[in-house]
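Before any comments, here is the structure.
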Amino acid sequence: MPQLDTSTWFMMITSMFLTLFIIFQLKVSKHNFFFNPESMSIKTQKQNTPWETKWTKIYLPLLLPQ
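If you're matching positions, the sequence shown starts at 3 in my numbering and goes up one per residue.
Structure representation (structure tokens):
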């Protein structure tokens, strides 16, 4: 049974990590990032719900007939 030749493993693993690092750097460099995200203000829109505009017996329990 022949022995496994591991003499080239170090070079293969090193070149693999170098290649992955370069690919990752190229992918990250194509993204546009905001320079100062704290300066952007978020505008929230108030949504009207049906129970905000009308009163019900739940909201005014003292007006129930006695």
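For glycine and all other residues, C-beta sits at the position ideal for the given N, C-alpha and C.
### Task
Pull up the distance between the alpha-carbon of M14 and that of I24, whole angstroms please.
The C-alpha of M14 lies about 15 Å from the C-alpha of I24.
### Query
How long is the line joining the alpha carbons of L20 and K32, rounded to whole angstroms?
Their backbone Cα atoms lie some 19 Å apart in a straight line.
### Task
With DSSP as the reference, label L22 as helix, strand or coil.
Secondary structure of L22 (DSSP, three-state): helix.
### Query
If you run the structure through DSSP and keep just helix, strand and coil, what is K29?
In the structure shown, K29 sits in a helix (DSSP, three-state: H, G or I).
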